[in-house]
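Only one structure is covered here, and it is reproduced in the block below.
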Amino acid sequence: MPELPEVEVTRLGIAPHVEGQKIAGAEVRNGRLRLPVNPDFSSRLEGQQLGILWRRGKYLVGELEKGQLLIHLGMSGHLRILPSQTPPAAHDHVDIHFAGGNCLRFHDPRRFGLILWGENFRTHPLLQNLGPEPLTPDFSGSYLFQCSRGRTQAVKAFLMDAQTVVGVGNIYANESLFLAGLDPRRPAGGLGPAQCRRLAISVKQVLADAIAQGGTTLRDFARPDGRNGHFRLSLRVYGKEGEPCPRCTRTLAGTRIGGRASVFCPRCQH
DNA sequence: CTACGTACCTGCCAGC
DNA sequence: TGCTGGCAGGTACGTA
1071 MPELPEVEVT RLGIAPHVEG QKIAGAEVRN GRLRLPVNPD FSSRLEGQQL GILWRRGKYL
1131 VGELEKGQLL IHLGMSGHLR ILPSQTPPAA HDHVDIHFAG GNCLRFHDPR RFGLILWGEN
1191 FRTHPLLQNL GPEPLTPDFS GSYLFQCSRG RTQAVKAFLM DAQTVVGVGN IYANESLFLA
1251 GLDPRRPAGG LGPAQCRRLA ISVKQVLADA IAQGGTTLRD FARPDGRNGH FRLSLRVYGK
1311 EGEPCPRCTR TLAGTRIGGR ASVFCPRCQH
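Residues 1071 to 1340 (the numbering used here) are what the first sequence spells out, left to right.
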């Protein structure tokens, strides 16, 4: 489900509806997520005003007067803004109700996501060992070159490791490597400085384009207003094994890297 | 330490 | 029609 672009599109969609709102209470229908929802989740939030909603990698953090709200969408999660009285559907696990009459609804069929209250997630183990944000100057060709030295892991798996850089999941790793002209199976440590630079630039471009187009809707991802993202139309290789390469028309190859479906052009990507 | 496999959970689809 | 296996956007943990 959501990679960085989808999480950022979600943040942009819900922030205007939640920032500055007073929380009337929360409803936890099923708290058995990747981590269990706090037993006292509702009482921690009730009466508080929600402040800025920010993002770190694929995590969303909402500032509260006391503590913070942490949300991760896992593979299948999404957030919606709805009138509080909207009847819940299957997998609508948590609602946060606002005094204005709307609620923020957390929906996640596979329950790989999480929603938690905590004192301060900046120092929480979940956010401690994350690499740089891909859309900041911290993430660059020279950074990639430096931290890939000595690594024998396939560059695609290396790129999807949140300690290397946050937010790049399977879709955008495939797309970025295609754009950079790099074979996803190559050992990360074998890349030269110019290739690392191309890869960093490609990651930034792919992610920025995806955000601008509202993210990628494959199955169940939808923006908080229920609309689909349009980046699916811009996918070059993801999900297109056996189809012609959009650049050279050679048949796109498929393989598995780190257990994840990988697609690449054997002619364009080295 | 790195690299890799597996587990978590549900829904969907192809194939029989 | 109905079952089964395999796969899906993420992450953490165990093992070598």
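Glycine included, C-beta positions come from ideal geometry on N, C-alpha and C.
For the beta strand (DSSP E) containing residue i, list its first residue and its last residue.
i, result
"Arg1293", "Per DSSP, Arg1293 belongs to no beta strand (DSSP E) and is neither H nor E."
"Leu1174", "1172 to 1177"
"Gly1121", "1120 to 1126"
"Phe1334", "1330 to 1334"
"Leu1197", "Segment 1195 to 1198 is the alpha helix (DSSP H) holding Leu1197; no beta strand (DSSP E) there."
Taking only three categories from DSSP, how would you classify residue i?
i, result
"Ala1323", "strand"
"Leu1140", "strand"
"Val1044", "Residue 1044 cannot be examined here, being either before or after the span of the chain that is shown, 1071 to 1340."
"His1163", "strand"
"Ser1154", "coil"
"Pro1106", "coil"
Based on Cα-Cα distance, which residue from the options lies nearest to residue i?
i, options, result
"Gln1233", "Val1107, Gly1262, Asp1253, Pro1195", "Pro1195"
"Tyr1129", "Gly1324, Arg1192, His1163", "Arg1192"
"Gly1309", "Phe1176, His1161, Ala1243", "Ala1243"
"Asn1100", "Leu1115, Pro1072, Gly1137, Pro1158", "Pro1158"
"Tyr1213", "Gly1201, Gln1223, Thr1222", "Gly1201"
"Gln1275", "Val1238, Thr1287, Glu1311", "Val1238"
"Gly1188", "Glu1135, Ile1271, Gly1299, Cys1315", "Glu1135"
"Asp1231", "Arg1181, Ala1250, Leu1305, Glu1203", "Glu1203"
"Ile1122", "Glu1076, Pro1294, Pro1086", "Pro1086"
"Ile1151", "Gly1324, Phe1215, Asn1172, Gly1117", "Asn1172"
"Gly1328", "Leu1103, Arg1255, Arg1320, His1148", "Arg1255"
"Glu1073", "Glu1089, His1148, Gln1216", "His1148"
"Ala1341", "Val1107, Leu1120, Glu1076, Pro1075", "Since the first residue shown for the chain is 1071 and the last is 1340, residue 1341 is missing from the structure and cannot be characterised."
"Val1333", "Arg1317, Arg1306, Cys1318", "Arg1306"
Is it buried or exposed for residue i, if we count other Cβ within 10 angstroms and need 16 for buried?
i, result
"Asp1295", "exposed"
"Lys1226", "buried"
"Arg1320", "exposed"
"Leu1303", "exposed"
Residue i lies in the alpha helix (DSSP H); which residues open and close that run?
i, result
"Ala1085", "1074 to 1088"
"Leu1252", "Premise fails: Leu1252 is in no alpha helix (DSSP H) and is neither H nor E."
**OP:** Only counting runs of 3 or more residues, tell me where the beta strand (DSSP E) segments fall wholly within the segment 1268 to 1318, in order along the chain.
**Re:** none
Original post:
Can you list, in chain order, the stretches of the alpha helix (DSSP H) that have 4 or more residues and sit fully within the segment 1201 to 1246?
Top reply: 1211 to 1218, 1225 to 1230
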